[in-house]
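Position one of the sequence shown corresponds to residue 1 (the UniProt record's numbering), numbered consecutively onward.
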Amino acid sequence: MAPRFITLADVATELAISADQAYALVRSGELPAIQIGGRGQWRIEVAELDKFVARKYQETKARIQG
Numbered sequence: 001m002a003p004r005f006i007t008l009a010d011v012a013t014e015l016a017i018s019a020d021q022a023y024a025l026v027r028s029g030e031l032p033a034i035q036i037g038g039r040g041q042w043r044i045e046v047a048e049l050d051k052f053v054a055r056k057y058q059e060t061k062a063r064i065q066g
């Protein structure tokens with residue numbers, strides 16, 4: 001069974017971006033995430049990452065088609 005939540009490092013790997021860029025997406029609210037644990041580590045639900053990618057496809061399509 002696939003995990004429900006992934007780390008910022010996992011998001012960065014999936015999107016081929018830096019960890020700082022992944023963190024910026026979370027801090028801006030563009031990519032919904034939760035903080036858990038004593039250190040407040042960020043976790044992103046895989047379903048939310050999938051929705052984010054789908055939105056980005058739609059935004060790109062709209063921009064290209066003008």
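By construction, the Cβ of each residue, glycine as well, lies at the ideal position given by its N, Cα and C atoms.
Beta-carbon proximity of residue i to residue j, cut-off 8 Å
i, j, result
"Ile44", "Ala33", "yes"
"Glu48", "Leu31", "yes"
Proximity winner among the options, relative to residue i (alpha-carbon distances)
i, options, result
"Ala19", "Leu25, Ala9 and Val26", "Ala9"
"Ala12", "Trp42, Thr60 and Ile36", "Trp42"
"Ala2", "Val46, Ile64, Gly66 and Asp50", "Val46"
The alpha helix (DSSP H) enclosing residue i, as first and last residue numbers
i, result
"Ile64", "Val46 to Gln65"
Residue span of the beta strand (DSSP E) that contains residue i, given as start and end
i, result
"residue 67", "No statement about residue 67 is possible, as the shown extent of the chain runs from 1 to 66 and does not include it."
Helix, strand or coil at residue i according to DSSP, with G and I counted as helix
i, result
"Arg43", "strand"
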